Every structure is written in C-alpha cells, then in structure tokens.
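Since the structure comes first, as structure tokens, the remarks are kept for the end.
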Amino acid sequence: MPFSSSTVAGAGLVGWILALAAALAYALPALATQRLQERGAKRSLLVAWALHAASLVWGLAGHEPRFGFAPALSVTAWLVLTVYVVEQQLYPQLRSRWPLAALGSVAVLLAVIFPGTPLHVDASPWLPLHLALGIASYGLFAAAVVHAALMTRAERQMRQHGDHDGGLPLLTLERLTFRFVGAGFALLTATLAAGWFFGEALYGKAWIWNHKSVFSVLSWLTFAILLFGRKRFGWRGRQAVNILYAGALLLLLAYVGSRFVLEVILER
Numbered sequence: 580m581p582f583s584s585s586t587v588a589g590a591g592l593v594g595w596i597l598a599l600a601a602a603l604a605y606a607l608p609a610l611a612t613q614r615l616q617e618r619g620a621k622r623s624l625l626v627a628w629a630l631h632a633a634s635l636v637w638g639l640a641g642h643e644p645r646f647g648f649a650p651a652l653s654v655t656a657w658l659v660l661t662v663y664v665v666e667q668q669l670y671p672q673l674r675s676r677w678p679l680a681a682l683g684s685v686a687v688l689l690a691v692i693f694p695g696t697p698l699h700v701d702a703s704p705w706l707p708l709h710l711a712l713g714i715a716s717y718g719l720f721a722a723a724v725v726h727a728a729l730m731t732r733a734e735r736q737m738r739q740h741g742d743h744d745g746g747l748p749l750l751t752l753e754r755l756t757f758r759f760v761g762a763g764f765a766l767l768t769a770t771l772a773a774g775w776f777f778g779e780a781l782y783g784k785a786w787i788w789n790h791k792s793v794f795s796v797l798s799w800l801t802f803a804i805l806l807f808g809r810k811r812f813g814w815r816g817r818q819a820v821n822i823l824y825a826g827a828l829l830l831l832l833a834y835v836g837s838r839f840v841l842e843v844i845l846e847r
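In our numbering, each residue's number is its place in the sequence shown (first place is 1) plus 579.
Right under this line is the structure:
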C-alpha cells in the first residue's frame, strides 16, 4: 500500500526527488563520519534542512496541495531542526545532531509515502493561519521534549559520574525547556480558541467533540497543570518531565493520531 501508484502520483516525482535528497543529506554525516569533520557535518545538516523545507513547500503549495498526519510530522521535525540550527549559533556545545537528523530523515520520507488528503480550495482563507498555529505549537512542544530528554540525560550523568559530557548546563536546558513549553502553550491556546469561536467559518461547521478535539483539550489541560505547578509549587526534574511527556503524547494523538487512523487504517 505505501508504495502504490496512487502514493507516487500524490507525492509527485519532484516531491520524491526532494525527499530522497533531504533524507540522504540527513544520513550523510552518519554514513561518512570519519571523512566529514565538524564543519562538513554542519553543512550537510543545513543542506538537508533546506531540501526538507523545499519538499514541504512542494507538498503544501504544489499542483495538488495535500496534508495529513505524515506532513504534520514532517513540518514538526523541520521546525525542531530549525530551532536546533538557531540554537547551535548560540550554544555550540549543544549535542543532539544525530537523533534530530534521524528524525528529519524518517519524517521527510513518511511525508511522501503518506502525503495525506487534498486540501479543499473552497476552505476559509483563515484556515492556513489556523493550521500554521497548530503546527507551530506542535513544533515548540517537540522542541521542549527534545530539551527535556537532554535534561534527563544530563541529570542522569551527573548522578552517576558527578558531571555530564560537556553539553549545555542542566539549568540552561531546564530554562529552555520551559520557555518552549510556555510558547507552545500560548499557540495551542490560540489554536483551540480559534477552533472554538470560529469553527464554522474555518471548517464550515461548529466545534465538534470528536477524538481530535478531546485529545487537544486534554493536552491543553496537562500543559496548563504543568505550568501552574512549576509556577506555584516549583515542579522540576523527573516529575515535570513526565507531565510534559504526557501532554506531548496527548497532543500527538489529537491530530496525528486521528489522521493516521483515518488515512492508514480506515483508508479514508
């Protein structure tokens, strides 16, 4: 099913070429570790990031724009990599290139294997803004999860060895993690508010309590509890990270999970 003729037609030859080139550029540093120095690895990641962006633009603004669970994951991965590219200029010691490159490689290929469903041309002109807010919140929460994972690793290394391997200081990672959580929460709030108050203008129907909306509201409540607990009770460490992971999982199930069921399992 994934490599059927309809899938190739949906993605288009140019889309496949861009995606394969981006995936290869992401994988190149890992495949040629000994030949590529630090500068070469960074350049390869930047090339992959640019090709990934071109692949997304082609899929979303090509002759037949499509969107679904895999393009949503691909945009999210690209946003996380964008954050990493910017942070590398501020914190050169940040070490998460290989996991993010693997994430980008898988995500960009998934987006051409499962390109999603065609976007309606008669949809509200505000719908792209609504989708952009939602996907941006996905990206910010994903960046928070990446930083939380780095924070957990650094904390574990400090417990075992008294120090960690030279990455960002633990307090810096914690501060960055909750900055991303706060920004993502603000965008998620705006996304849900737009769906609640302007659902009929955006989608042609009022707010419906389906799987997507239930999981979205549950994730919003989880992040609200996390931010309140940190502000009021000083939550940090494993307790805060576990709540962050729970909220991120609920948010992932909201759109990506529901679209995956519709597109892959039910084939709608």
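We put the beta carbon where it would ideally sit given N, CA and C, even for glycine.
Note that the coordinates shown come from a computational prediction; the quantities given were computed from them, not determined experimentally.
Using a C-beta cut-off of 8 Å, the segment 622-641 makes contact with the segment 601-608, since at least three inter-stretch Cβ pairs fall below that distance. The segment 772-815 is shown to contain whole alpha helix (DSSP H) runs of 4 or more residues at 790-812, in chain order.
In the three-state reduction of the DSSP assignment, F693 falls in the coil class, being assigned neither a helical nor a strand state. For V662, the enclosing alpha helix (DSSP H) begins and ends at F648 to L669. The Cβ-Cβ distance between A651 and V835 falls below 9 Å. Rounded to the nearest whole angstrom, the C-alpha separation of V760 and V796 is 16 Å. For R645, the secondary structure class from DSSP, reduced to helix, strand or coil, is strand. Collapsing the DSSP output to three states places E734 in a helix.
Around the Cβ of V654, a 10 Å sphere holds 16 or more other Cβ atoms; the residue is buried. Residues of the same chain with a CB within less than 7 Å of the CB of G763, apart from the 5 flanking positions on each side, are S716, L719, F720 and A723 in chain order.
When Q667, G638 and F646 are compared, the shortest CA-CA separation from R618 is found for Q667. Counting of Cβ neighbours within 10 angstroms places M730 among the buried residues, the total reaching 16 or more. Shown here, S623 sits in a helix according to DSSP, grouped into three states. Between A656 and A680 a beta carbon distance of about 10 Å is seen, past the 8 Å cut, so the two are scored as non-contacting. Apart from the 5 residues on each side of it in sequence, G713 sits with its Cβ closer than 6 Å to the Cβ of T770 in its chain, given in chain order. For F776 and G816, the gap between their C-alpha atoms comes out near 36 Å. The Cβ-Cβ distance between G778 and S798 does not fall below 9 Å. Restricted to the segment 747-773, not a single beta strand (DSSP E) segment is unbroken, complete and at least 3 residues in length. By a beta-carbon distance limit of 8 Å, F648 contacts F839. Their separation comes to about 4 Å.
Per DSSP, reduced to three states, the secondary structure at E617 is helical. In terms of Cα proximity to I822, the closest of A803, K791, H631 and L639 is A803. Rounded to whole angstroms, A819 and T801 show a C-alpha spacing of 11 Å.
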